[in-house]
Amino acid sequence: MQGYLDIIIMKDFIFHIDANNAFLSWTAAHRLALGSDTDLRNEVSIIGGDEDKRHGIVLAKSQRAKALGIKTAMTLVQVRQIYPDVLIVSPDFSIYTKYSDAMIEILKQYSQRLEKFSIDECFIQISTEEDPIELANKIKNHIKKDLGFTVNIGVSSNKLLAKMASDFKKPDMVHSLFPDEIEEKMWHMPVSELFMCGKKSADKLNKLCIFTIGDLAHADLDLLLYHLNSLGLTLYEYANGIDKSVISGEKKSEFKSIGHSTTTHIDIKDKKDAKLVIIALCESVAMRLRKQGAFTSHLSIELVNSDFKRLSHSKKLDLATNSTTFICQIMLELLDEVWKDGMVIRKFGVSASKLSHNFYLQNNTLYDFDFRKQASLDLCIDAIRENFGEHIIFRLCFLGSHIAPMIGNTTKH
DNA sequence: TCTGGGGTCCTAGGACCC
DNA sequence: TCTGGGGTCCTAGGACCC
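Count along the first sequence from 1, add 2, and you get the number used in the working numbering.
Right, here's the structure in full:
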């Protein structure tokens with residue numbers, strides 16, 4: 003029995019929880035819960051888009067698919083070349099949101115210091131006297147038992163190391179990567195495995211004869227700064243296990259930007275069609291801004307042409323707005339600026355950034371626009387769409403057009 | 001290899017001001 | 001009119017993440 007004067011030593015740990023093959027596992031668990039007798043995880047299966055809509059890439063794959071060499075972002079054409087009978091399931095974000103939220107709820111039972119990093123990843127900070135590996139196993143099994151899918155958990159003293167650890171052998175595993183384990187567990191790995199070291203950076207480092215994370219950890223910092231600027235310092239610190247960032251708290255869900263983009267089912271060559279796509283994207287973005295109670299003061303559009311070259315234009319506003327019509331006006335001006343006759347565009351995107359929570363107008367002589375009137379109109383349209391569906395009301399310009407009047411999911415959080 | 005959609009952060013260069 | 005240096009703001013584009 004513990005004596006009154008005994009000292010209990012609480013230690014702080016960071017756990018990184020990563021759902022294994024999230025979209026696929028969640029779909030599998032969802033189908034089993036609905037009474038399906040096949041578990042997608044035991045098949046050669048993938049989650050992938052619709053090729054006819056030119057959305058045909060792999061978003062997630064089963065372990066069996068992975069073993070055959072099927073990789074995320076591969077085209078479905080390539081996948082079928084590897085395994086013609088592959089089971090392809092269309093993505094359904096409503097399932098993913100549900101499972102993601104359920105996972106967070108379980109994690110909250112263990113710690114309130116929690117940062118959602120993406121739909122399928124989360125950091126938690128835990129103070130415990132318990133063995134952290136045992137505790138991580140407990141959490142892992144809790145999720146498996148209650149929700150029917152597996153996770154990997156990385157345990158360490160900072161976020162970077164915890165994240166690297168959760169990426170070791172999968173699925174359904176707990177790994178530690180404490181500072182004294184870096185040399186043994188991380189330094190032998192290729193530099194491209196390091197968080198934030200993408201292909202471009204890895205290529206640069208390889209040219210400098212830096213091949214492993216260990217090489218990077220011992221590299222000359224000045225050389226890294228010269229070739230990679232501030233990213234050089236970040237990668238150098240990561241390779242040495244240094245990461246001073248803290249758990250940001252749950253409200254990371256406060257977006258810095260809200261955008262939508264779409265690959266059109268056929269290339270767009272006609273500017274009239276291009277305008278309609280932009281308007282349709284603006285409808286969703288503006289509606290989402292209003293749902294969040296947010297106002298934007300920076301708008302940008304991005305086009306991707308048939309050669310996959312990106313073109314972008316953006317504009318800072320003297321006001322913060324969430325008016326659909328005003329946002330459309332500015333976005334169409336931006337389209338005017340980038341559009342050249344003869345263009346062939348496959349993908350369109352619009353984005354609203356520099357978000358705030360108040361409407362403001364810095365110089366009201368600049369705009370001939372009745373914001374108050376538009377705000378009540380937007381409110382009215384939002385309410386109609388909320389009650390009767392998003393497609394019940396649309397702009398006249400879409401009448402007889404093959405472009406959908408609203409593109410982008412406004413229910414996503 | 002006929003290649004999605006949603007984000008964040010950084011940087012180079014130009015415009016403009018003093 | 002030309003020359004210049006420093007600072008700030010804005011924009012286009014790139015790199016990275018899941």
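Backbone N, C-alpha and C fix where the C-beta goes; we use that ideal spot for every residue, glycine too. Please read all numbers here as calculations on a predicted model, not as lab measurements.
Compare the beta carbon distance of residue i and residue j with 8 Å and say whether it is the shorter of the two.
i: residue 158; j: residue 14; result: no
i: residue 17; j: residue 155; result: yes
i: residue 20; j: residue 30; result: no
i: residue 211; j: residue 237; result: no
i: residue 296; j: residue 393; result: no
i: residue 66; j: residue 46; result: yes
i: residue 107; j: residue 251; result: no
i: residue 79; j: residue 60; result: no
i: residue 187; j: residue 196; result: no
i: residue 402; j: residue 261; result: no
i: residue 325; j: residue 406; result: no
i: residue 306; j: residue 354; result: no
i: residue 329; j: residue 317; result: no
i: residue 173; j: residue 44; result: no
i: residue 283; j: residue 400; result: no
i: residue 171; j: residue 245; result: no
i: residue 230; j: residue 203; result: yes
Among the options, which one has its Cα closest to the Cα of residue i?
i: residue 28; options: 81, 152, 305 and 184; result: 152
i: residue 308; options: 297, 42, 276 and 348; result: 348
i: residue 340; options: 273, 188, 5 and 293; result: 273
i: residue 313; options: 321, 302 and 319; result: 302
i: residue 190; options: 177, 208, 275 and 217; result: 217
i: residue 35; options: 115, 150, 26 and 120; result: 150
i: residue 184; options: 112, 320, 215 and 305; result: 215
i: residue 175; options: 192, 388 and 142; result: 142
i: residue 146; options: 24, 37, 119 and 231; result: 24
i: residue 167; options: 243, 221 and 287; result: 243
i: residue 148; options: 181, 105 and 119; result: 105
i: residue 267; options: 245, 382, 404 and 120; result: 404
i: residue 300; options: 280, 205, 278 and 323; result: 323
i: residue 280; options: 263, 398 and 396; result: 263
i: residue 10; options: 257, 131 and 126; result: 131
i: residue 343; options: 276, 113, 289 and 327; result: 276
i: residue 126; options: 114, 204 and 395; result: 114
In whole angstroms, give me the CA-to-CA distance for residue i and residue j.
i: residue 8; j: residue 134; result: 21 Å
i: residue 411; j: residue 51; result: 15 Å
i: residue 428; j: residue 165; result: Any question about residue 428 goes unanswered here, given that the chain covers just 3 to 415.
i: residue 63; j: residue 356; result: 36 Å
i: residue 97; j: residue 103; result: 10 Å
i: residue 85; j: residue 68; result: 11 Å
i: residue 345; j: residue 271; result: 6 Å
i: residue 375; j: residue 408; result: 22 Å
i: residue 247; j: residue 88; result: 41 Å
i: residue 379; j: residue 92; result: 36 Å
i: residue 337; j: residue 55; result: 23 Å
i: residue 100; j: residue 234; result: 38 Å
i: residue 48; j: residue 70; result: 12 Å
i: residue 269; j: residue 228; result: 41 Å
i: residue 192; j: residue 201; result: 12 Å
i: residue 369; j: residue 294; result: 25 Å
i: residue 298; j: residue 320; result: 10 Å
i: residue 265; j: residue 310; result: 11 Å
i: residue 371; j: residue 335; result: 15 Å
i: residue 109; j: residue 182; result: 27 Å
i: residue 373; j: residue 58; result: 41 Å
i: residue 381; j: residue 327; result: 12 Å
i: residue 224; j: residue 388; result: 56 Å
i: residue 395; j: residue 383; result: 7 Å
Per the DSSP calculation, residue i is bridged to which residue(s)?
i: residue 117; result: 125
i: residue 354; result: 260 and 301
i: residue 216; result: Per DSSP, none; premise fails for residue 216.
i: residue 192; result: 214
i: residue 130; result: 13
i: residue 362; result: 322
i: residue 316; result: 302
i: residue 393; result: None, per the DSSP bridge assignment.
i: residue 19; result: 124 and 155
i: residue 307; result: 347
i: residue 265; result: 349
i: residue 270; result: 347
i: residue 232; result: Residue 232 is not bridged to any residue.
i: residue 47; result: 89
Taking only heavy atoms of the ligand HEM into account, decide whether any of them is closer than 7 Å to the Cβ of residue i.
i: residue 251; result: The ligand HEM is not part of this structure, which contains no ligands at all.
Quick check for students: name the residue ranges of the alpha helix (DSSP H) that lie wholly in the segment 57-116, counting only runs of 4 or more. 65-69, 78-84 and 95-110
Would you mind listing the alpha helix (DSSP H) stretches within the segment 318-349 that are 4+ residues and don't spill past its ends, in chain order? 326-340
Give the list of continuous alpha helix (DSSP H) stretches no shorter than 4 residues that lie fully inside the segment 146-213. 161-168, 184-187 and 201-209
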